[in-house]
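**Student:** Residue numbers for the sequence shown, in this note's numbering: 15 to 214. Just dropping this structure here.
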Amino acid sequence: MKTVIFDVGRVIVRWEPERLVHDIVGDAAEAERLSRDVINGTWFGWTDAGMAWEESVAKRTAEFPADATTIQTFVNRWDEAVPGLIPGTEAIIEELHAAGTPLYALTNFAADTFKRTKGRFSVFSRFRDIVVSGDEGTIKPDEAIYRMCLARANAKAEDCVFIDDTLVNIEAANRLGIQGLHFVDAEKLRLDLRSLGFSV
């Protein structure tokens with residue numbers, strides 16, 4: 015039986031930092047600037063790779079001192095950037111789990127905020143293990159973190175399916191011999207899994 019490895023953000027849980035930024039500043043143009051230049055993927059990548067939030071806030075504030083209050087407010091309200099589950103994915107996970115499919119997760123996520131997120135959603139109890147980049151100090155698409163996940167799952171690459179919303183992460187998995195599935199929505203994922211022989 016194939017092992018299924020899920021990404022987390024925008025596959026299992028909603029990840030909507032732009033919406034939270036807009037809620038904080040209340041101005042569309044300012045929210046767009048912040049999401050583009052300040053509270054963006056580059057900044058999140060620091061904590062995803064293991065930097066403490068305190069250090070990342072200090073570093074970002076030094077770069078954008080006029081935005082210091084907004085940066086800190088975003089961190090204080092971080093959980094609001096994950097407002098719920100992606101529709102339909104939990105049902106697929108439950109069906110795979112019920113069928114005895116080995117389930118793992120591999121995510122770019124800060125260590126402490128992932129612990130909080132994991133505690134909010136019971137679906138994470140269905141995974142045998144979850145590899146979190148913030149704990150490991152390396153992020154997708156670095157092949158090292160995929161190999162780490164394979165080792166922890168005690169699985170061969172060719173026996174695994176990896177689901178992610180980001181194409182570069184899928185391509186990295188494919189290079190290692192893992193079957194990658196590009197996540198668009200749960201309906202497409204269900205069809206993709208069925209095409210590989212899963213009963214979902």
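Where a beta carbon is used, it is the ideal one built from N, C-alpha and C, also for glycine.
Is DSSP giving T152 helix, strand or coil here?
**Tutor:** The sequence position of residue 152 within the sequence shown is 138, counting from 1. T152 falls in the coil class under three-state DSSP.
**Student:** According to the neighbour-count rule (16 or more other Cβ atoms, all chains shown, within 10 Å of its Cβ), is R74 buried or exposed?
**Tutor:** Locating residue 74 in the sequence shown gives position 60, counting from the first residue. When all chains shown are included, R74 counts as buried.
**Student:** What is the rounded straight-line gap between the Cα of R140 and the Cα of T83?
**Tutor:** The residue given as residue 140 occupies position 126 in the sequence shown. The residue given as residue 83 occupies position 69 in the sequence shown. Spanning the two alpha carbons is a distance of roughly 38 Å.
**Student:** List the whole-angstrom C-beta distance separating P116 from A167, where the pair is believed to meet the contact cut-off of C-beta under 8 Å.
**Tutor:** The residue given as residue 116 occupies position 102 in the sequence shown. The residue given as residue 167 occupies position 153 in the sequence shown. Going by Cβ atoms, the distance from P116 to A167 rounds to 7 Å, so yes, they are a contact pair.
**Student:** Looking at the unbroken beta strand (DSSP E) that takes in A119, where does it start and where does it end?
**Tutor:** As a position in the sequence shown, residue 119 is number 105, starting the count at 1. Per DSSP, A119 belongs to the beta strand (DSSP E) from L117 to T121.
**Student:** Report yes if the C-beta distance between G98 and A200 is below 7 Å; otherwise report no.
**Tutor:** For this step, residue 98 is matched to residue 84 along the sequence shown. For this step, residue 200 is matched to residue 186 along the sequence shown. Result no, Cβ atoms of G98 and A200 do not sit closer than 7 Å.
**Student:** For L210, which three-state DSSP category applies?
**Tutor:** On the sequence shown, residue 210 is found 196 positions in, with the first residue counted as 1. Three-state DSSP puts L210 in coil, outside helix and strand.
**Student:** Spatial neighbours of D149 within its chain, please: C-beta separation below 7 Å, excluding the five flanking residues on both sides.
**Tutor:** The residue labelled residue 149 in the question sits at position 135 within the sequence shown. Excluding positions up to five away in sequence, the list reads A125.
**Student:** So, R204 versus I106, is the Cβ gap smaller than 7 Å?
**Tutor:** For the purposes of this step, residue 204 is identified with residue 190 of the sequence shown, where counting begins at 1. For the purposes of this step, residue 106 is identified with residue 92 of the sequence shown, where counting begins at 1. For R204 and I106, yes; Cβs fall inside 7 Å.
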